[in-house]
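K.L.:
Please read through the structure below; I'll follow up with questions.
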Amino acid sequence: MEHALLNKKKDLEAYGYKKFGLMTLPVPSLEADLRELAEEFDHLPRDTYSPESHRYRKYSRAIINPWDGALQWLPDFIDEDGEAKSLYFQGTFNAEYLEEYRAFPALSEKIKENALLQEIIKYDFNETFWNPYEKILPIHVGVHFVKYMVEDETQESVASPNTIHQDGEPFTFVHLITYKNVHGGRSTVAHPSCAGLNREQANEKLILDEFDLTEPLDSYGVCDKKVSHYVSGIKKGPESRPAERGVLLIDYTPLTIAIT
Ligand SMILES: [Fe+2]
129 MEHALLNKKK DLEAYGYKKF GLMTLPVPSL EADLRELAEE FDHLPRDTYS
179 PESHRYRKYS RAIINPWDGA LQWLPDFIDE DGEAKSLYFQ GTFNAEYLEE
229 YRAFPALSEK IKENALLQEI IKYDFNETFW NPYEKILPIH VGVHFVKYMV
279 EDETQESVAS PNTIHQDGEP FTFVHLITYK NVHGGRSTVA HPSCAGLNRE
329 QANEKLILDE FDLTEPLDSY GVCDKKVSHY VSGIKKGPES RPAERGVLLI
379 DYTPLTIAIT
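Right under this line is the structure:
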């Protein structure tokens, strides 16, 4: 029995994705920390790489040790305007930004100390799996705060890329933080062969799951090589206030070249 438990595959290995909630994480300051995270979304700068997409974002990088779970933020760099930035590179996986680094404004030092954020990063890491070569070096963690927001009925805020896709990072997790007057924002998990297609083009038999994250810390994670994924654009719902969907996106990448 013990042997069977030890060999039990994690959900991301068995199914390629997992949906879960994190409001029961054992963080004493959870409510206050969640408020602090939500406030960070109130002040996110516009994504200057794609102003027409109505996205706002910050990004920082960390490493986590597979052997002891220790988490450490990596330094940001200071750009010519004196602003702290982090570099983000998706290789050839995002056709909208081929072989191009994007430099995003970094998370504040205060938010990097947020206990809930750190516990979420550690929780997600525990849902990932690695080969023996990958486990003897730190794992790179990319932490994105992304807000999709539109203020009038004619606008739509979309993700990048705005098709079913794979990210290039081996694991990515999505955690809902803010959700106001949203129409759309539906998450789709699909067979890898759907990557590159618009949602309407995909064969329904290859759609594995489709759901809305609506409550704080509603979450899901994907194993990138096992599934593709997509989130639909958001528009304004029935209320007069702007539509806003704020998510933490956390990705995990080994520092080794994968040997399979
Ligand atoms: Fe993605």
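Using this note's numbering, read the sequence shown as starting at 129 and increasing by one per residue. Each residue gets a CB set at the ideal place from its N, CA and C atoms; glycine is no exception.
#1: For F217, I'd like the list of residues in its chain whose CB is within less than 7 angstroms of its CB, leaving aside the five on either flank, ordered along the chain.
#2: Just to confirm the assignment, what range does the alpha helix (DSSP H) spanning L162 have?
#3: With Q200 as the anchor, note down where its beta strand (DSSP E) starts and where it stops.
#4: Residues in the same chain with beta-carbon distance under 6 angstroms from I192, minus the five sequence neighbours each way, listed in chain order, please.
#5: The alpha helix (DSSP H) spanning Y251 covers which residue range?
#6: Buried or exposed: where does F169 fall if 16 or more other Cβ atoms within 10 Å of its Cβ makes it buried?
#7: Between T291 and ligand 1, is there a pair consisting of the residue's CB and a ligand heavy atom that are separated by less than 7 angstroms?
#8: Please return the same chain residues whose Cβ sits closer than 6 angstroms to the Cβ of N326, not counting the five positions on each side in sequence.
#9: If you measure from the CB of E295, is any heavy atom of ligand 1 nearer than 7 angstroms?
#10: For chain C, find out if any of its Cβ atoms is closer than 8 angstroms to the Cβ of K263; answer yes or no.
#11: Could you name the residues of the same chain whose beta carbon sits closer than 7 angstroms to that of M277, not counting the 5 residues immediately before and after it, in chain order?
#12: Following a CB-centred definition, is T316 positioned closer than 7 angstroms to any heavy atom of ligand 1?
#13: With which residues is V302 paired in a DSSP beta bridge?
#14: For the segment 342 to 356 and the segment 309 to 325, state whether three or more C-beta atom pairs, one from each stretch, are separated by less than 8 angstroms.
#15: Which of the three DSSP states is assigned to P233 in this structure?
#16: Would H311 and G365 be called neighbours here (beta carbons separated by less than 8 angstroms)?
#17: So which of Y380, Y251, E343 has the shortest CA-CA distance to G374?
#18: What's the call for P173, buried or exposed, on a 16-neighbour Cβ count within 10 Å?
#19: Return yes when the C-beta of H357 is under 7 angstroms from any heavy atom of ligand 1, and no when it is not.
#20: With a threshold of 7 angstroms (Cβ to nearest heavy atom), would T300 be considered close to ligand 1?
#21: For K240, collect the residues of the same chain with a Cβ closer than 7 angstroms to its Cβ; drop the 5 residues on either side in sequence, then sort them by chain order.
P.N.:
Put simply:
#1: Locating residue 217 in the sequence shown gives position 89, where the first residue counts as 1. Around F217: Y229.
#2: Residue mapping note: residue 162 aligns to position 34 of the sequence shown, counting from 1. First-last of the alpha helix (DSSP H) with L162: 158 to 170.
#3: Sequence index remark: in the sequence shown, residue 200 carries index 72 (1-based). It spans 199 to 201 - the beta strand (DSSP E) in which Q200 sits, taken as one unbroken run.
#4: To locate residue 192, count along the sequence shown from 1; it is residue 64. These residues qualify, in order along the chain: L199, F253, I267, V269.
#5: Position 123 of the sequence shown, counted from the first residue, corresponds to residue 251. Note, Y251: alpha helix (DSSP H), 243 to 254.
#6: On the sequence shown, position 41 is the one that residue 169 refers to. Per the 10 Å Cβ criterion, buried.
#7: Taking the first residue of the sequence shown as 1, we reach residue 291 at position 163. No, since every heavy atom of ligand 1 falls outside the 7 angstroms radius drawn around the Cβ of T291.
#8: For this step, residue 326 is matched to residue 198 along the sequence shown. Cβ neighbours of N326 beyond the five flanking positions: T291.
#9: Position 167 of the sequence shown, counting from 1, holds the residue named residue 295. For clarity, residue 295 is Asp in the given sequence; the question names Glu instead. Yes, since a heavy atom of ligand 1 falls inside the 7 angstroms radius drawn around the Cβ of D295.
#10: Any reference to chain C falls outside this structure, which holds one protein chain only.
#11: For this step, residue 277 is matched to residue 149 along the sequence shown. H182, Y184, S285, P370, A371, E372.
#12: On the sequence shown, residue 316 is found 188 positions in, with the first residue counted as 1. Checking every heavy atom of ligand 1 against the Cβ of T316, none is found closer than 7 angstroms.
#13: On the sequence shown, residue 302 is found 174 positions in, with the first residue counted as 1. According to DSSP, V302 bridges with Y348, L377.
#14: yes
#15: Along the sequence shown, read from residue 1 onward, the residue named residue 233 stands at position 105. Reduced to three states, the DSSP call for P233 is strand.
#16: The residue given as residue 311 occupies position 183 in the sequence shown. The residue given as residue 365 occupies position 237 in the sequence shown. Closer than 8 angstroms, so yes.
#17: For the purposes of this step, residue 374 is taken as the residue at position 246 of the sequence shown. Comparing Cα-Cα distances from G374 to each of Y380, Y251, E343, the minimum goes to E343.
#18: Indexing the sequence shown from 1 puts residue 173 at position 45. It counts as exposed.
#19: By one-based count along the sequence shown, residue 357 stands at place 229. For ligand 1, at least one heavy atom lies less than 7 angstroms from the Cβ of H357.
#20: By one-based count along the sequence shown, residue 300 stands at place 172. It does: the Cβ of T300 is within 7 angstroms (strictly closer) of some heavy atom of ligand 1.
#21: On the sequence shown, position 112 is the one that residue 240 refers to. Around K240: S188, W201.
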